[in-house]
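These notes concern the structure reproduced below.
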Amino acid sequence: MNIGIINEFDKGERRVGLTPGKVHHLVEQGNTVYFEKGAGTGSHFSDEEFIKAGAIIQYSAEEVFGRSDMIIKVASITKKELQMIYKGQIILSFLHLVTRSREIIEGLLSKEVTAIGYEIIEEDSGELPILTTMSEISGQMAIQIAGYLLEAPNKGRGIMIGSVPGVHPANILIIGAGVVGTCAARTALGMGANVYIMDIDIKKLRTVENTFNKMVRTVMSNRYNLLNILPLIDVLIGAVLVPGDITPNIVTADMLKLMKKGSVIIDVSIDQGGCIETSRPTTISHPTYIKEGVIHYCVPNIPSLVPRTSTYALTNTSKKYIYSIAEKGVEECIKIDSSLLRGVYTYKGKCTNQRLSGIFGLEYLDLSNL
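Heads up: take any position in the sequence shown, counting from 1, add 27, and you land on our numbering.
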């Protein structure tokens, strides 16, 4: 199979779809890998490393798309990339199609693209193996970012995340007790913060209490509890996930007025729409804005801040699916791998994701009947 790796058109995206080591394995497997010059630079992989691994360097994304059966990306498809895609190509990436435009969806369908979203590849157990690795990074990074934004030069409250003798630490509220939430809690506790976690699932809250030996205060997520806790909070982490769906607004614009001036919101769930009503996507180059005196950080690709770590973590989990498709072909893999099947948004001109078909009013094809 001919496999392509491109420079991401999202200039804030520094991760790359494959490491030189994974390229070497694919070449040893008998595949041809085309690599756009400079695609690994953001993750500190040189062109020479990819060439040594067996990749054939190309000098434009158009060349890579034109030569490849399968494109391995990281960020969502852009309109410019859509123009380069050829009929019947396979695309693997974090696609987040439920938040994309109709133009992108219809373009993928008209070109009969097999579009596989890393974020919805789901094992029989319900685990999201590829998304989990990025969520672990995002959860840890969210606390680091919050600590920086709380500093006075950044218009924060001028307080530390942790404590010093005789001084109360920051109060941190995490909404969502999934992977992002628990990783954020672990990092915040390690820095000495006072941590609350909210969720609608009592089982998840029980797991949090047991995991952290009751050092985290758990609270049922509802409007009444939010109204009571928000005035106390210095940092709010939005970590709500509804797999494959748009995230509901948990904190309304009116609730924001209860928060302290100079407090910080990190809405990690912004990649699926965000769980704070006042959230809107920002970029790594312009990451924040202030609303009602509260600093908002709503960057959808937080792991790109640490692209080398993130690229290794991403490819350690995505390689299983990439190697399998390269060896057996995508149709055979969909038939034998239920987790990959769940990750397919579009296939041969049909929408194969129920939620996506509902949002855009598209005809739905059940791939399990293939």
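All residues carry an ideal CB built from backbone N, CA and C; glycine is no exception.
Same chain, Cβ closer than 6 Å to tyrosine 348, neighbours up to 5 away in sequence not counted: In the sequence shown, residue 348 corresponds to position 321, counting from 1. Beyond the five residues adjoining it in sequence on each side, tyrosine 348 comes within less than 6 Å, by CB distance, of Leu367 in the same chain, given in chain order.
As assigned by DSSP and simplified to three states, the class of leucine 135: Start at 1 with the first residue of the sequence shown, and residue 135 comes out as number 108. Correct three-state label for leucine 135: helix.
Sequence-distant residues of the same chain with beta carbon closer than 7 Å to arginine 129, five excluded per side: Within the sequence shown, residue 129 is the residue found at index 102, counting from 1. Within the same chain, arginine 129 has close Cβ partners Phe387.
Closest residue to histidine 52 among Phe239, Glu40, Lys64 and Ala82 (Cα-Cα distance): Within the sequence shown, numbered from 1, the residue matching residue 52 stands at position 25. That would be Ala82, whose Cα lies nearest to the Cα of histidine 52.
Cβ-Cβ distance between valine 267 and isoleucine 202 below 7 Å: As a working note, residue 267 is residue 240 in the sequence shown. As a working note, residue 202 is residue 175 in the sequence shown. Yes; because the gap between Cβ atoms is below 7 Å, this pair is in contact.
Burial state of aspartate 393 (16 or more Cβ within 10 Å): Position 366 of the sequence shown, counted from the start, is the residue given in the question as residue 393. With fewer than 16 Cβ atoms within 10 Å of its Cβ, aspartate 393 is classed as exposed.
Distance between glutamate 146 and leucine 158 (C-alpha atoms, nearest Å): Counting from 1 along the sequence shown, the entry for residue 158 is found at position 131. Counting from 1 along the sequence shown, the entry for residue 146 is found at position 119. Between leucine 158 and glutamate 146, the C-alpha separation is close to 5 Å.
Same chain only: Cβ atoms within 6 Å of serine 248, ignoring 5 sequence neighbours per side: Position 221 of the sequence shown, counting from 1, holds the residue named residue 248. Cβ-Cβ distances below 6 Å link serine 248 to Met225, Asp226 and Ile227 in the same chain, with the five nearest sequence neighbours on each side left out; the list follows chain order.
Residue from Ala179, Pro156 and Ile188 whose Cα sits closest to the Cα of isoleucine 16: Since the first residue shown for the chain is 28 and the last is 397, residue 16 is missing from the structure and cannot be characterised.
Cα-Cα separation, cysteine 210 to alanine 353: Taking the first residue of the sequence shown as position 1, residue 210 is located at position 183. Taking the first residue of the sequence shown as position 1, residue 353 is located at position 326. Rounded to whole angstroms, the separation of the alpha carbons of alanine 353 and cysteine 210 is 33 Å.
Cβ neighbours of serine 365 in the same chain (closer than 7 Å, five flanking residues each side left out): The residue given as residue 365 occupies position 338 in the sequence shown. Asp151.
Environment of serine 162 [buried if 16+ CB atoms lie within 10 Å]: As a first step, residue 162 is located in the sequence shown; it is residue number 135 there, counting from the start. Its Cβ being crowded by 16 or more others within 10 Å, serine 162 is buried.
Length of the line joining the Cα atoms of lysine 79 and glutamate 55: Here residue 79 refers to the residue found at position 52 when the sequence shown is read from its first residue. Here residue 55 refers to the residue found at position 28 when the sequence shown is read from its first residue. Distance between lysine 79 and glutamate 55, taken at the CA atoms: about 12 Å.
Whole-number beta carbon distance between threonine 315 and leucine 176, since they are thought to touch under 8 Å: Counting from 1 along the sequence shown, the entry for residue 176 is found at position 149. Counting from 1 along the sequence shown, the entry for residue 315 is found at position 288. For leucine 176 against threonine 315, the beta-carbon gap comes to about 7 Å, under 8 Å, which counts as contact.
Limits of the unbroken alpha helix (DSSP H) element including leucine 232: Indexing the sequence shown from 1 puts residue 232 at position 205. Going by DSSP, leucine 232 is part of the alpha helix (DSSP H) stretching over 229-238.
Residue from Ser70, Ala212, Asn34 and Asn255 whose Cα sits closest to the Cα of valine 278: Here residue 278 refers to the residue found at position 251 of the sequence shown. When only C-alpha atoms are compared, the closest one is Asn255.
Residue environment, isoleucine 57, which counts as buried when at least 16 other CB atoms sit within 10 Å: Along the sequence shown, one-based indexing puts residue 57 at 30. The question names isoleucine, yet the displayed sequence has glycine at residue 57. So glycine 57 ends up on the exposed side.
Reduced DSSP secondary structure (H/G/I, E/B, other) of leucine 283: For the purposes of this step, residue 283 is taken as residue 256 along the sequence shown, with counting starting at 1. Helix, per DSSP.
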